[in-house]
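Note that this note's numbering gives residue 384 to position 89 of the sequence shown, counting from 1, and the numbers run on in steps of one.
For every residue, glycine included, the Cβ atom is placed at its ideal position computed from N, Cα and C.
Note that this is a predicted model, so its numbers are computed, not measured.
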Amino acid sequence: MRLIHPAPASGPADDAEPDLAELYAYPGDRWLRVNMVASADGGTWLDGASGGLSGRGDRKVFGVLRGLADVVVTGAATVRAEGYGPARPRKSWAALRAGRTAVPPIAVVTASLELDLSGPLFTEADPDARTIVVTCEAAPRDRRAEAARHAEVIVAGRDRVDLALAVKELGGRGLGRVLCEGGAKLNAQLAAAGLIDELCLTVSPLLIGGDAARVLDGPASLTRLRLAHVLEDEGFLITRYVREG
296 MRLIHPAPAS GPADDAEPDL AELYAYPGDR WLRVNMVASA DGGTWLDGAS GGLSGRGDRK
356 VFGVLRGLAD VVVTGAATVR AEGYGPARPR KSWAALRAGR TAVPPIAVVT ASLELDLSGP
416 LFTEADPDAR TIVVTCEAAP RDRRAEAARH AEVIVAGRDR VDLALAVKEL GGRGLGRVLC
476 EGGAKLNAQL AAAGLIDELC LTVSPLLIGG DAARVLDGPA SLTRLRLAHV LEDEGFLITR
536 YVREG
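In structure tokens:
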């Protein structure tokens with residue numbers, strides 16, 4: 296893996312492995328970062344999941360981003376499609392997570408509460424980082440009560456999940472450095488609410504066509520970004536964009 300933008304201070308011949316923890320350090324205690332992988336033609340899944348688009352460098356950055364985050368947020372559809380389990384401790388996270396839980400909790404956004412509460416995401420989560428369910432008042436009361444027996448529950452909004460309130464509630468729990476792993480519909484809702492501070496996007500050297508969603512799949516919005524850095528690894532471009540201003 297090599298840093299190609301901005302150019303390393305020592306020049307293009309510098310083959311030193313970039314310090315990912317430094318490159319991706321959160322600039323503050325309240326920050327929302329979206330991390331996605333997409334094909335060169337913009338698709339965000341292959342055969343229904345993102346794994347086929349990923350590569351060695353992307354997976355390495357994925358691990359560092361999780362290690363740096365206070366909480367990992369994802370939509371229920373992504374949990375189902377990707378077969379989510381809880382984050383697992385890594386030796387490499389020891390310094391990144393000093394003073395925090397060994398792993399970041401996973402927070403699932405769902406208005407319907409259609410979740411497999413008997414799955415590993417809920418039954419195998421670290422007791423110090425229980426899975427969080429983010430829902431709304433309109434969610435079925437029986438499902439909400441059942442969810443509360445297996446996870447921490449945050450109720451944000453009446454008829455649908457109020458993402459700004461949800462992020463505020465997470466921050467109030469000391470989980471202000473947020474890593475969102477999609478899916479595309481949740482990303483679009485976050486963008487429309489003006490909540491995305493940063494986009495980490497890996498461009499995979501594949502053309503896939505088909506009907507895979509783009510990184511944002513939902514209401515139109517406009518967020519101006521500046522390019523912070525670009526890494527290259529085996530033809531993958533691993534980019535980081537930060538919101539202007």
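Discussion item. So Asp492 and Leu360 are supposed to be a Cβ contact under 8 Å. How far apart are they, rounded?
Written reply: Contact flag wrong, Cβ pair sits at about 13 Å.
Discussion item. I'd like to know whether the C-beta of Asn330 is nearer than 9 Å to at least one C-beta of chain C.
Written reply: Within the model displayed, chain C is absent; a lone protein chain is all it includes.
Practice prompt. Give me the Cβ distance between Ala446 and Ile427, rounded to the nearest whole Å; I'm assuming they're in contact under 8 Å.
Written response: 6 Å
Discussion item. Suppose the cutoff is 6 Å on Cβ atoms and the five residues either side in sequence are ignored; what does the same chain contact list for Ala364 look like?
Written reply: Pro399, Arg472 and Leu474
Worksheet item: With burial defined as no fewer than 16 other Cβ atoms inside 10 Å of the residue's Cβ, what is the status of Ala393: buried or exposed?
Response: An exposed status is given to Ala393, since fewer than 16 other beta-carbon atoms sit within 10 Å of its beta-carbon.
Worksheet item: In this structure, does DSSP put Ala376 in helix, strand or coil?
Response: helix
Practice prompt. Evaluate Trp494 with the Cβ neighbour count: other Cβ atoms within 10 Å of its Cβ, from every protein chain shown; 16 or more gives buried, anything less gives exposed.
Written response: According to the sequence provided, residue 494 is Leu. The question's Trp does not apply to it. Its Cβ being crowded by 16 or more others within 10 Å, Leu494 is buried.
Worksheet item: Thinking C-beta only, is Asp528 closer than 9 Å to Met296?
Response: yes
Worksheet item: Comparing alpha-carbon positions, which option in Arg383, Leu348 and Val498 lies nearest Ala420?
Response: Arg383
Discussion item. In this structure, how does DSSP classify Gly352 when only helix, strand and coil are distinguished?
Written reply: helix
Practice prompt. For Arg509, collect the residues of the same chain with a Cβ closer than 8 Å to its Cβ; drop the 5 residues on either side in sequence, then sort them by chain order.
Written response: These residues qualify, in order along the chain: Ala333, Gly337, Gly338, Thr339 and Ala479.
Discussion item. Residues in the same chain with beta-carbon distance under 7 Å from Thr518, minus the five sequence neighbours each way, listed in chain order, please.
Written reply: Ala486, Ile491 and Arg538
Practice prompt. May I have the straight-line CA-CA distance separating Leu352 from Gly452, to the nearest angstrom?
Written response: Rather than Leu, the amino acid found at residue 352 in this sequence is Gly. Whole-angstrom Cα-Cα distance: 38 Å.
Worksheet item: With 16 other CB atoms within 10 Å as the buried threshold, where does Pro301 fall?
Response: exposed
Practice prompt. Identify which residue in Thr534, Leu522, Leu410 and Leu501 has its Cα closest to the Cα of Gly347.
Written response: Leu501
Item to complete: Could you pull the start and end residues of the alpha helix (DSSP H) that Ala479 belongs to?
Response: Ala479 to Ala487
Practice prompt. Give the DSSP-derived three-state secondary structure of Leu570 in the structure shown.
Written response: This structure cannot settle anything about residue 570, because the visible part of the chain is limited to 296 through 540.
Practice prompt. Specify the secondary structure class of Gly370 as computed by DSSP and reduced to three states.
Written response: strand
Worksheet item: So which of Leu315, Ala335, Ala304 and Leu318 has the shortest CA-CA distance to Ala507?
Response: Ala335
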